[in-house]
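Chains as they are written, first to last, in the numbering used here: chain A, 2 to 278; chain B, 2 to 278.
Have a look at the structure below before the remarks.
Number of protein chains: 2
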Amino acid sequence: MPDYENMKEYNFLNGQILLSEEAKIHVSDLGLLRGYGIFDFFRAVNGKPVFMDDHLDRLENSARLMGLPIPESRERLKEIILELIELNPHDLLGIKVVMTGGYSPDGYTPAEPSNLMIIPKPFIFKPADIGMKLMTYEYSREIPEIKTLSYISPIRVLPKMREAGADDLLYHLNGDISESSRSNIFIIKDRKVITPKDGVLYGVTRKYVLELCREHFEVEERDVTLKETLEADEVFTTGSTKRVVAISQIDNTIFNDGKIGKQTRKIQSLFLERELL
Amino acid sequence: MPDYENMKEYNFLNGQILLSEEAKIHVSDLGLLRGYGIFDFFRAVNGKPVFMDDHLDRLENSARLMGLPIPESRERLKEIILELIELNPHDLLGIKVVMTGGYSPDGYTPAEPSNLMIIPKPFIFKPADIGMKLMTYEYSREIPEIKTLSYISPIRVLPKMREAGADDLLYHLNGDISESSRSNIFIIKDRKVITPKDGVLYGVTRKYVLELCREHFEVEERDVTLKETLEADEVFTTGSTKRVVAISQIDNTIFNDGKIGKQTRKIQSLFLERELL
């Protein structure tokens, strides 16, 4: 077993793999000065990246929608990621790919090349057998279909969220829910699995869960009201750091007596099976 | 005269004044990874900071509203700024103070100390005798009263804005205008000076312009519709990089035959006089 305590961490920054402590960017970076950047995040389990191509597809889409050229080819990106996984040999590794508008001479206009960072970090899953508690929050991300670096509102509300004993937020606006701060939301009502279609980030876990659910349930992708969410039989959330996790409570509404529902359990195991394929 | 070409630039970063090329922050900074940070910007003219205390007041207010402790006292901040002005002896110096949520171990929760950068750069004023052209844009900043690092939408629309020949955006939502991407907006109708009261950043130039206008015009701070803006006699914008600049055109509406209006000229000279006090 590797000596984790004394293990060096390695990052990638603008063409170079380097010790994490040396991964520093100049203060004129447009991600830092203006929040102009995107990222993606996926896992490597026992040295094997999970759904990497889906995440790189999404990174490319975010980059295109933000007008940010990716300075490495897809093939080279994968080589770098595999090298980083070897250099950071944790059983569970989270890999964050961040790309910003570069070193802007005027502090406002994106400049080429984009700054590209790849930051691997060991991580721990949310336990799959404990439900999460959400706090409703009136909000919609600015450009929901892009995985931007913009998290001011959910971070600013962290103290209030923790005071309420909640693990995450449930965004809603004009009566409809959209997503959580970093994951997608599904509800189950009368054996129908329902998830918001618009105004959300199209999660990779969401995609596979939808595929799997279509084989076992009736599935609807459409607007979902907050009211029907609170009246659902079961609610669950999906994301790369969570896989499928039950929501046991939203504000004061408790689902299924606080226990994980049968259908959510079934979807959890279907997804785990799919991921381990 | 200093040898600008070969002049070194100096920044401040977390307790140290250092050469700009060495001003680098680690990639785990929460401003970079999550856009969690604030800034302020003011000028030094011929070595003398302009309205510095107003800007530091606003920085403190932004910091408080974001829950970010400022790692230096007000007095020490001013000492550092004055030292940076001496080390960067440009006639016109823009001074940007940036503060972020620190090096976050989990990449999400703000950590202490905040990262504090002060970045001086020479700059050039928008010419006061040429009007600017604005493109209307349906948008409102997420937390308008805080000077956050969040500029994704206006930067993303830059290519479209430039294609339209516009110099900046005019934000409007639900029929009301708010501000431009980096400055405040005033309209003049029948010798009344009117500016939006809510949903805007409270600019330091805006504050002094309001004070001065109250001595010479009727002044209203209230909701301002886009319709009345387009029907105004004169429109102008205020900001630390602009002072007072006329708006000669919004979309296809031209004001005052494209020339700077008399009342705007008066306010320009009133402000310049006040600044040079």
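No residue lacks a Cβ here, since even glycine has one placed at the ideal position from N, Cα and C.
Among the residues of chain B, none has a CB under 9 angstroms from the CB of residue 20 of chain A; the nearest is roughly 11 angstroms distant. Around residue 148 of chain B, the same chain offers 39, 40, 41, 59, 63, 202 as residues with beta carbons nearer than 7 angstroms, after the five sequence neighbours per side are excluded. The stretch 130-139 of chain B makes no contact with the stretch 46-56 of chain A, as fewer than three CB pairs between them are under 8 angstroms. Pairwise C-beta distances place the stretch 113-121 of chain B in contact with the stretch 10-17 of chain B, as three or more of them are shorter than 8 angstroms. Closer than 8 angstroms to the CB of residue 143 of chain B there is at least one CB belonging to chain A.
A straight line joining the alpha-carbon of residue 82 of chain A with that of residue 19 of chain A spans about 13 angstroms. Beta bridge pairing from DSSP links residue 97 of chain B with B:42, B:120. A straight line joining the alpha-carbon of residue 61 of chain B with that of residue 84 of chain A spans about 44 angstroms. Only those residues of the stretch 27-45 of chain A whose C-beta falls short of 9 angstroms from the nearest C-beta of chain B are listed: 27, 28, 29, 30, 31, 32, 33, 34, 35, 36, 37, 38, 40. Among the CB atoms of chain A, one or more fall inside 8 angstroms of the CB of residue 24 of chain B. The continuous stretches of beta strand (DSSP E) do not include residue 10 of chain B, and DSSP gives it neither H nor E. When Cβ pairs closer than 8 angstroms are counted between the two stretches, the stretch 182-189 of chain A is seen not to touch the stretch 96-112 of chain A, the count staying below three. Residues of the stretch 155-180 of chain B that bring their beta carbon within less than 9 angstroms of a beta carbon in chain A comprise 155, 156, 157, 159, 160, in sequence order. Under the DSSP definition of a beta bridge, residue 50 of chain A partners with A:45. Remark: three or more beta-carbon pairs, one from each stretch, lie closer than 8 angstroms, so the stretch 216-226 of chain A and the stretch 189-197 of chain A are flagged as touching. Residue B:87 holds the alpha-carbon nearest to the alpha-carbon of residue 8 of chain B among B:87, B:73, B:74. The continuous beta strand (DSSP E) containing residue 222 of chain B extends over residues 219-222. In this structure, the alpha-carbon of residue 246 of chain B lies about 39 angstroms from that of residue 27 of chain B. Neighbourhood of residue 99 of chain A in chain B, by CB distance below 8 angstroms: 28, 33, 34, in chain order. At least one CB atom of chain B sits nearer than 8 angstroms to the CB of residue 111 of chain A. Against chain A, the beta carbon of residue 149 of chain B has neighbours under 7 angstroms at 153, listed in chain order. For a Cβ distance threshold of 9 angstroms, residue set 28 of chain A lies close to residue 14 of chain B, ordered along the chain.
Cα atoms of residue 92 of chain A and residue 127 of chain A: separation of roughly 15 angstroms, rounded to the nearest angstrom. Judged by DSSP secondary structure, residue 25 of chain B falls within the beta strand (DSSP E) whose first and last residues are 25-27. Put simply, the CB of residue 68 of chain A is near chain B, with a gap under 8 angstroms to one of its CB atoms.
Under the 8 angstroms criterion on CB atoms, residue 118 of chain A is classed as interfacial with respect to chain B. Secondary structure note for residue 186 of chain A: its beta strand (DSSP E) is the uninterrupted segment 185-190. Nearest to residue 200 of chain B by alpha-carbon distance, out of B:225, B:211, B:35, is B:225. Within its own chain, the residues whose Cβ lies closer than 6 angstroms to the Cβ of residue 264 of chain B, once the five positions on either side in sequence are excluded, are 189, 235, listed in chain order.
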